[in-house]
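Trainee: Before we start, here is the structure in question, set down as structure tokens.
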Amino acid sequence: MNISSSPFRSLAAQLGRLSIGVSRTTVRLASSKRKRRERIEPDFVPGHGEKIWIFSHLVNGTTVYSHNPVLKANKALRQLPYNGKKLKPAKIRKDYWRPLAMIQFPEGMGHVGRSVFHIMREFRQVHDLAWEDSMFRDDETNRVLTRHERGEKLNRSQKPNAIADMAAVLAGAGKGNKMWTTVAAETPAVEGAAETTTEPQPADQRAVSPSDLVPTTVFWADELDKNYAKQWPANVTHSTFADSVAVPIEVEEEIVLEAGENGEDGKAPEVPVELVAEEQARQSEQQQRPRN
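For the sequence shown, the positions run 1 to 292 when UniProt numbering is used.
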């Protein structure tokens with residue numbers, strides 16, 4: 001019997017193809033183990049998050065959020081969704097945008113404002129992606145809208161949705177919301193410190209009082225816009241941008257010296273009558289002097 005033509009030859013060839021070294025699976029498992037790096041906390045500027053600005057477009061009604069009073073075009077453009085062709089601008093024209101409202105948090109509560117900003121952006125994304133059946137039909141004629149008309153309607157609904165979301169988030173809605181005073185107290189007040197992940201009890205399972213939420217002030221360009229929300233929590237105070245402008249009050253400055261310098265009572269010394277008469281005579285002489 002010839003061994004070269006026997007079935008043993010094919011069996012020997014198959015055995016020769018087997019790897020004798022370390023299996024590749026073991027090598028992959030060993031290389032996939034990576035060391036965990038320490039989390040680098042962001043270094044925020046002091047006061048970052050204490051104010052949230054909402055800007056609105058004058059024509060189509062789209063809205064964007066910002067932590068700065070000056071609208072940044074590159075960041076604002078990323079917030080605008082693509083609802084259809086020719087509905088998202090290629091660039092931001094700042095002359096078409098105006099401040100709609102500004103949310104003011106107490107000093108040192110920047111971490112609360114950042115959590116509110118994050119949740120409002122999440123609610124905004126839900127409105128952009130999860131459409132209701134009413135968005136497919138016209139409100140007056142009940143006809144089916146075209147793709148372009150539906151995109152225009154989605155853009156027009158951003159302003160009322162943003163105001164309604166504002167009222168809900170300031171009332172404590174949303175996962176990880178730090179509007180609750182218990183969560184805000186546990187979070188370090190140092191800017192850039194690690195934020196707590198403690199979750200408050202849901203609002204529908206507890207008796208909510210104004211003392212449970214962080215006091216907040218909302219400044220409006222048009223105070224009638226707040227009526228887009230059905231209800232506002234008691235911890236929110238409303239005002240206008242005109243009321244937020246501080247008018248300087250002229251106060252007469254009084255010179256008060258330290259006690260013991262020119263008197264024990266600390267009052268400024270009286271000017272002699274002779275010096276006052278001499279100064280008045282000098283001023284009258286200058287006024288009567290002929291001018292060339």
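For glycine and all other residues, C-beta sits at the position ideal for the given N, C-alpha and C.
(1) Let me know the secondary structure DSSP gives SER157 once reduced to three states.
(2) Are ALA101 and ASP225 close, meaning C-beta to C-beta below 8 Å?
(3) So VAL169 and ASN177 are supposed to be a Cβ contact under 8 Å. How far apart are they, rounded?
(4) Excluding the 5 residues preceding and the 5 following GLU115 in the sequence, name in chain order all residues of the same chain whose CB lies nearer than 7 Å to its CB.
(5) How far does the alpha helix (DSSP H) with VAL218 in it reach, from first residue to last?
(6) Considering ILE119, what are the terminal residues of the alpha helix (DSSP H) in which it resides?
(7) Count the C-beta pairs between the segment 82–101 and the segment 32–41 that are closer than 8 Å, then say yes if the count reaches three, no if not.
(8) Using three-state DSSP, classify HIS67 as helix, strand or coil.
(9) I need the DSSP call for ARG17, collapsed to helix, strand or coil.
(10) Taking 8 Å as the threshold (C-beta atoms), are LYS159 and SER239 in contact?
(11) Since LYS75 is in the alpha helix (DSSP H), which residue starts that stretch and which ends it?
(12) Report the CB separation of ASP109 from GLU50 in whole angstroms; it is logged as a contact under 8 Å.
(13) Compute the Euclidean distance between the alpha carbons of MET120 and ARG143, then round it to the nearest angstrom.
(14) Distance check for ILE40 and SER10, CA to CA, integer angstroms please.
(15) Quick one: using the 10 Å Cβ neighbour count with 16 as the cut-off for buried, is TYR65 buried or exposed?
(16) Roughly how many angstroms separate the alpha carbons of VAL112 and GLN231, rounded to a whole number?
(17) So, helix, strand or coil for HIS238, using DSSP?
(18) With a threshold of 16 other CB atoms inside 10 Å of the CB of PHE136, please say whether the residue is buried or exposed.
(19) Could you tell me which of ASN68, GLU140, ALA173 and PRO106 sits nearest to THR217, measuring between CA atoms?
(20) What residues in its chain sit with their C-beta under 7 Å from that of GLY61, if we drop five residues either side in the sequence?
(21) Do ILE163 and ILE103 have their CB atoms nearer than 8 Å?
(22) So who's on the other strand from HIS57, going by DSSP bridges?
(23) Taking the alpha-carbon of GLY47 as reference, which of ALA221, PHE219 and ASN68 has the nearest alpha-carbon?
(24) In its own chain, which residues sit with a C-beta less than 6 Å from the C-beta of THR237, not counting the 5 before and 5 after it?
(25) Pull up the distance between the alpha-carbon of TRP131 and that of ARG17, whole angstroms please.
(26) For GLY151, which residues of its own chain have a beta-carbon under 7 Å away from its beta-carbon, when the five flanking residues on both sides are left out?
(27) Out of curiosity, what's the CA-to-CA distance linking GLN125 and GLN79?
(28) Classify LEU213 as helix, strand or coil using the three-state DSSP reduction.
Mentor: Short version:
(1) In the sequence shown, residue 157 corresponds to position 157, counting from 1. Coil, per DSSP.
(2) Here residue 101 refers to the residue found at position 101 when the sequence shown is read from its first residue. Here residue 225 refers to the residue found at position 225 when the sequence shown is read from its first residue. Taking 8 Å as the Cβ cut-off, ALA101 and ASP225 qualify as a contacting pair.
(3) If you number the sequence shown from 1, residue 169 lands on position 169. If you number the sequence shown from 1, residue 177 lands on position 177. Sure, about 7 Å apart at Cβ, within 8 Å.
(4) Locating residue 115 in the sequence shown gives position 115, where the first residue counts as 1. According to the sequence provided, residue 115 is Ser. The question's Glu does not apply to it. Within the same chain, SER115 has close Cβ partners GLY176, ASN177 and LYS178.
(5) To locate residue 218, count along the sequence shown from 1; it is residue 218. Careful: VAL218 lies outside any alpha helix (DSSP H), inside the beta strand (DSSP E) at 216–220.
(6) Taking the first residue of the sequence shown as position 1, residue 119 is located at position 119. Run containing ILE119: 110–129, per the alpha helix (DSSP H) assignment.
(7) no
(8) The residue given as residue 67 occupies position 67 in the sequence shown. DSSP places HIS67 outside both helix and strand once states are collapsed to three, so it counts as coil.
(9) Here the question's residue 17 lines up with position 17 in the sequence shown. Correct three-state label for ARG17: helix.
(10) As a working mapping, residue 239 is identified with position 239 in the sequence shown. As a working mapping, residue 159 is identified with position 159 in the sequence shown. With a cutoff of 8 Å on beta-carbon distance, SER239 and LYS159 are scored as not near each other.
(11) Translated into positions along the sequence shown, residue 75 becomes position 75. Its alpha helix (DSSP H) spans residues 73–79.
(12) Taking the sequence shown and counting its residues from 1, the one referred to as residue 109 is at position 109. Taking the sequence shown and counting its residues from 1, the one referred to as residue 50 is at position 50. Per the sequence presented here, residue 109 reads as Met, with Asp not at that position. Sure, about 6 Å apart at Cβ, within 8 Å.
(13) The residue you call residue 120 lines up with position 120 of the sequence shown. The residue you call residue 143 lines up with position 143 of the sequence shown. Computed Cα separation, rounded: 32 Å.
(14) Stepping through the sequence shown from its first residue, residue 10 is reached at position 10. Stepping through the sequence shown from its first residue, residue 40 is reached at position 40. Going by the C-alpha atoms only, they are around 60 Å apart.
(15) Position 65 of the sequence shown holds residue 65. A residue is called buried once 16 or more other Cβ atoms fall within 10 Å of its Cβ, and TYR65 is buried on that count.
(16) Against the sequence shown, residue 112 aligns to sequence position 112. Against the sequence shown, residue 231 aligns to sequence position 231. Distance between the alpha carbons of VAL112 and GLN231 is about 21 Å.
(17) Residue mapping note: residue 238 aligns to position 238 of the sequence shown, counting from 1. The answer is strand: DSSP assigns HIS238 an E or B state.
(18) Translated into the one-based positions of the sequence shown, residue 136 becomes position 136. That one is exposed.
(19) Counted from its first residue, the sequence shown places residue 217 at position 217. Taking only the C-alpha atoms, the option nearest THR217 is PRO106.
(20) Working through the sequence shown from its first residue, we reach residue 61 at position 61. Contacts found: ASN155, ARG156, GLN158 and LYS159.
(21) Sequence index remark: in the sequence shown, residue 163 carries index 163 (1-based). Sequence index remark: in the sequence shown, residue 103 carries index 103 (1-based). For ILE163 and ILE103, no; Cβs fall outside 8 Å.
(22) For the purposes of this step, residue 57 is taken as the residue at position 57 of the sequence shown. Answer by DSSP bridge pairing, in chain order: TRP97.
(23) The residue labelled residue 47 in the question sits at position 47 within the sequence shown. For the options ALA221, PHE219 and ASN68, the alpha carbon positioned closest to that of GLY47 is the one of ASN68.
(24) Taking the first residue of the sequence shown as 1, we reach residue 237 at position 237. Same-chain partners within the cutoff: THR217.
(25) On the sequence shown, residue 131 is found 131 positions in, with the first residue counted as 1. On the sequence shown, residue 17 is found 17 positions in, with the first residue counted as 1. Taking the straight line from one Cα to the other gives about 58 Å.
(26) For the purposes of this step, residue 151 is taken as the residue at position 151 of the sequence shown. Only ASN83, GLY84 and LEU87 meet the Cβ criterion.
(27) Translated into positions along the sequence shown, residue 125 becomes position 125. Translated into positions along the sequence shown, residue 79 becomes position 79. Distance between the alpha carbons of GLN125 and GLN79: 9 Å.
(28) Here residue 213 corresponds to residue number 213 of the sequence shown, with the count starting at 1. LEU213: strand per DSSP, three-state reduction.
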